[in-house]
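Student:
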Amino acid sequence: MPDAYVIEVQGVTVGIVARDGDAYRFYASLRLFHPLEGRRFSAPRGAEKAAAALWGKRRHALREAASLELAAA
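Just so you know, we're using the working numbering here: the sequence shown kicks off at 833 and counts up by one.
1. For residue 861, which of 883, 890, 835, 891 has the nearest alpha-carbon?
2. Going by DSSP, what residues sit across from residue 851 in a beta bridge?
3. What three-state label does DSSP hand residue 891 in the structure shown?
4. Leaving out five residues before and five after residue 886 in sequence, what residues of the same chain have Cβ atoms less than 8 Å from its Cβ?
5. Starting from residue 836, trace the beta strand (DSSP E) both ways and give me its first and last residue.
6. Just verifying my parser: in three-state terms, what is the DSSP assignment at residue 933?
7. Label residue 847 either buried or exposed according to how many other C-beta atoms from any shown protein chain fall within 10 Å of its C-beta, with 16 as the threshold for buried.
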């Protein structure tokens, strides 16, 4: 099994995970994913799921903010 994997969300590279003992540690390549920085996962797929969930939360928040701006205009 490889010691490092690229983590992508919707075709965008958001970080990597590198083997750290019996787990994989996440290193963010985009600021949006810094909340996951240093977090350990038992498998690369766990990091991918966490990154996708974070992407979904942030995208939803940005969409809400944009609609509030439009309503205020």
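The beta carbon of each residue, even a glycine, is placed where N, CA and C say it ideally should be.
Tutor: In terms of the structure at hand:
1. 883
2. 856
3. helix
4. 864, 865, 867, 868
5. 836-841
6. With the chain represented from 833 up to 905, any question about residue 933 goes unanswered, as that position is not in the structure.
7. buried
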